[in-house]
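Residue numbers for the sequence shown, in full-length UniProt numbering: 1 to 632.
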Amino acid sequence: MEGGGKLAYSGGGLRHETKLLRSFSSVEPRRFGLGLIVGLLVVACAYFSTAKFDAVNIAMSKHQTSSSAVGISSPVNADDSSKQPLDLGVQDEGALPKEEIKAEKDDGSGISDSGVLDASAAPLNPATEGGKDEVPEKDDDPSAVAVLPPLSSDSADTTQESGVLEDQELQVQNAVAEAANPPESSNAIQAPADRIPEVETPPPPTPEIQAAPVQLTPPSPEVRQADLEAPPLPDWKPLCDVTSNHRIDWCELDGDVRVLGTNSTVTLVAPPGADARTFREESWRIKPYPRKADPNAMRNVREVTVRSVSGAAATPACTVRHDVPALVFSDRGYTGNYFHAYTDVVLPLFLTARQYSGEVLLLVADFQMWWLGKFLPVFKSLSNYEMVDLDADPRVHCFRRVQVGLTSHDDFSIDPTRSPTGESMLDFAAFLRAAYGLPRDVAWPASAGAANATAGKKTRPRLLVIARGRNRRFVNVEEIARGARKVGFDVSVSEGGHEVAPFAELANSCDAVVGVHGAGLTNMVFLPRGAVVIQVVPLGPMEFVASYFRGPSRDMGLRYLEYRIAPEESTLLDKYPREHPVIADPGSIKAKDWVSFMGVYLFEQDVRLDMKRFRPVLKKALSRLRAKPKNN
């Protein structure tokens, strides 16, 4: 077979068989037997190291945790160690890391780099390694409590006799049997550190230290009975104020306030514990409309009785309780006039209710649905609740706070230093633009004009000419419109109507407005900030009525211009000769009485503007729009 040749099966086969027998006979029988013994020894060592080694560790862990008297020790006594010639694996501390390093270098298969099976390379715990040949933990298995020492490198020597190996195997079995029942000796040999599982021993008890008590919170002050009682009631003050305001009487009630609209009574019930210092029974009669000095205006305003009573039995029980305050006011008087609607109700209501941010209930005496619907956006912007028709509501409404009568400073005017939260006419105009959803806050050219200029369009400011229908009309309105267009305005002419919203939108689209003194100029509240107002003052002593729009327009951030007509521009010259006191001495007419003055100068005359005289005013208005905003 040498050289890899094939056996011949021909007639010469006998010669080849004789050569094969000679090759076997050349092997010494003694070397062959020693090789066989060495091979068996290696297999036996591999079997004990892989099958029993980890089982011994598991059993030792169980035995060590159950021992409480002598601690963790080796299963071999120190006294018997001299009788056992076989080393059971007790090593120096310096030798242990080398064994561990050698085990880490193995690939886990138990075969060393030289190709020889190494028992020390077997996994320490097959259960943790996930091996299939796990060793069951049995307390009655003596082999499960003995530590199998690692094989020495001399065990593989080929010169060792088989009898010596058999003695070593018997000694190992004896060691296993003795480890099953370890002697109770405190001189036991400690097992190797890598074979001993860590056991947490409870720390020695810490002696309790008595510390001084620490007070975390300051001592509570002594609570006296007087501190638990309600705060003292304030001194009594009259329910109503009828002297400080020249326009309106008003009342403020705080506490248990009950309002019964059918008999127009507002009653304050005395609180518990009230005495002569803190409570008095009073009764007042109030007309909640800001024209108290004008009998003609107050004639149709319903009177409300405001009183205080010492017992709840003197007033009806509550039907409806409210968590918000209430305002009681009237919508009669001169509210049919567009100007008076604002100066007598809308503006005072804004001034009074704004501080509540919608959380207020409006109780309306002399309820006029047609009028209230006209200004419905205003009321909805001031109150989150439906208005109450005080005259027709039979329920008893109960509140914690009620004000009868509205706060009013002057005609179409607000004094910011006296307003509840510092509002001004500028705030009033902004509020109305928001209530009616008007888009323009600033006038030409800063708003739409600037946008059109960016788009390459040449823009012109827009002038609104207010054409009255009955008195103080512009007789030559078409001529006025033509003259304004020549100056540089786009012109719109309108009289307005019953609905507020459409005219508010028209006014907000314009940059200037011109009109004869009258209610139509009130629509300047919808103009964008910076617009121009031109008031044409008719013939007569009209200085005080002209002030109704002069001051408020400036307070609203508008630019104000005033044009006083000459006698030739008044139609009164068509009715009276030039020498008549109506033309020559208007002051004498005013001195008679208000009715005579109003009948002549407000109801009898119309206006015919002289365009040559009026054109410079239009040019001035245009230059005001082009100029940067400044104080008027």
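Even glycine gets a Cβ: it sits at the ideal position worked out from N, Cα and C.
8 Å Cβ cutoff met for residue i and residue j
i      : j      : result
SER408 : PRO416 : no
VAL388 : LEU347 : no
GLY515 : LEU521 : yes
ASP249 : GLY405 : yes
ALA504 : LEU438 : yes
ILE534 : VAL617 : yes
ARG302 : ALA365 : yes
SER264 : THR305 : yes
VAL396 : THR319 : yes
ALA467 : VAL493 : yes
ALA526 : LEU432 : Note that residue 526 is Phe in the sequence shown, not Ala. Yes, these two residues count as a Cβ contact at 8 Å.
VAL477 : THR571 : no
GLU479 : MET611 : yes
ASP344 : GLY333 : yes
ASP606 : ARG482 : no
THR315 : ARG258 : yes
ARG321 : LYS292 : no
PHE399 : PRO502 : no
ARG460 : ASP490 : yes
DSSP-derived helix/strand/coil call for residue i
i      : result
PHE375 : coil
VAL360 : coil
ARG550 : helix
ALA512 : strand
ASP585 : coil
PHE474 : strand
LEU86  : At LEU86 the pLDDT is 39, less than 50, meaning the model places this residue with poor confidence and gives no usable figure here.
VAL242 : coil
CYS45  : helix
GLU252 : strand
ARG482 : helix
SER424 : coil
ARG321 : strand
SER419 : coil
ASP389 : strand
ALA504 : helix
ALA270 : coil
LYS458 : coil
GLY593 : A quick correction: the sequence has Asp, not Gly, at residue 593. ASP593: coil per DSSP, three-state reduction.
TYR436 : coil
Option nearest residue i by Cα separation, candidates the options
i      : options                        : result
ASN245 : GLY273, PRO290, ALA276, ARG550 : PRO290
LEU327 : LYS292, ARG401, PRO295, SER283 : ARG401
ARG624 : ASN523, ASP511, GLY540, ALA546 : ASP511
ASN471 : ALA484, ARG462, PRO538         : PRO538
ASP434 : LEU572, GLY422, LEU382         : It is Ala, not Asp, that sits at residue 434 in the sequence shown. Comparing Cα-Cα distances from ALA434 to each of LEU572, GLY422, LEU382, the minimum goes to LEU382.
ASP410 : HIS340, MET369, ASP331, TYR436 : HIS340
ASP574 : LEU561, GLU604, PRO586         : GLU604
LYS628 : ARG559, PHE614, ALA591, VAL257 : ARG559
ASP585 : GLY540, VAL257, ARG332, ASP331 : GLY540
LYS380 : ALA392, PHE350, ASP391         : PHE350
THR421 : ASP254, GLU281, ALA353, ARG299 : ALA353
ALA531 : HIS580, LEU561, ILE37, HIS498  : LEU561
ARG280 : SER308, LEU390, PRO231         : SER308
ALA270 : SER588, PHE614, SER310         : SER310
ALA312 : ALA276, GLY255, ASN296, ARG299 : GLY255
LYS287 : ALA276, ASP331, GLY273         : ASP331
TYR436 : ASP427, ILE414, LEU376         : LEU376
VAL545 : THR459, PRO231, LYS237, GLY518 : GLY518
Below-8 Å beta-carbon distance, residue i vs any chain B residue
i      : result
ASN300 : Protein chain content of the structure displayed is limited to a single chain, and chain B is not contained in it.
Identity of the residues DSSP links to residue i by a beta bridge
i      : result
ARG529 : VAL442
THR265 : LEU260, THR305
TRP236 : According to DSSP, which records beta bridges pairwise, TRP236 is partnered with nothing at all.
PHE399 : VAL257
SER283 : ARG307
ALA365 : SER330
TYR563 : VAL536
ASP294 : DSSP output for ASP294 lists no bridge partner at all.
LEU464 : SER492, VAL513
ASP410 : SER413
VAL545 : Answer by DSSP bridge pairing: none, since VAL545 is not bridged.
VAL404 : CYS251, VAL328
SER570 : VAL607
SER383 : GLY358
Length at least 3, wholly inside the stretch 323-349: the beta strand (DSSP E) runs in chain order: 326-330
Complete runs of the alpha helix (DSSP H) confined to the stretch 604-630 [at least 4 residues]: 611-626
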